[in-house]
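Peer 1: So for the sequence shown, UniProt numbering puts the first residue at 1; every next one is plus one.
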Amino acid sequence: MMENLENFKEITMYLENISVDIILKFKKVFLTSASMEKAEISFYNFDEDEQLDEIFGEAVRHVPKIQWFLKILEDSQQILSIEMTFDRFSFSRIERKDVPENAVLSNS
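1) Does A39 pass the burial test, meaning 16 or more other C-beta atoms within 10 Å, or should it be called exposed?
2) Taking just the CA atoms, how far does L5 sit from K25?
3) Nearest-angstrom Cα distance between D98 and S92?
4) Work out the CA separation of L52 and F43 for me, nearest whole Å.
5) Suppose you measure from the CA of F86 to the CA of E16; what does that come to, to the nearest Å?
6) Drop a sphere of 10 angstroms on the beta-carbon of S81, count the other beta-carbons inside from all chains shown, and report buried for 16 or more, exposed for fewer.
This is the structure we're talking about:
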């Protein structure tokens, strides 16, 4: 499923079930792609959310979303934002200046 996604600029996917493994693969593709700017994965079932802080680091929580910020090592001005709501993961590149003051920047 994840092969050849790195050439897209934007992706929208709908999945019945999503796992941490899929999210990690998607994060890897996103970080290694030179062209990908935004991706959204909508889902119906996700039961592994308690593992996400261990994997991505401390989140910024503001209902109804949870958001993580990861450094993109090749680009000191770009940050990977991973946002989770009750039915969607959103991945996007944002400018470092747009990261909230209370956010923790984790290594990717």
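We put the beta carbon where it would ideally sit given N, CA and C, even for glycine.
Peer 2: In short:
1) buried
2) 11 Å
3) 12 Å
4) 16 Å
5) 13 Å
6) buried
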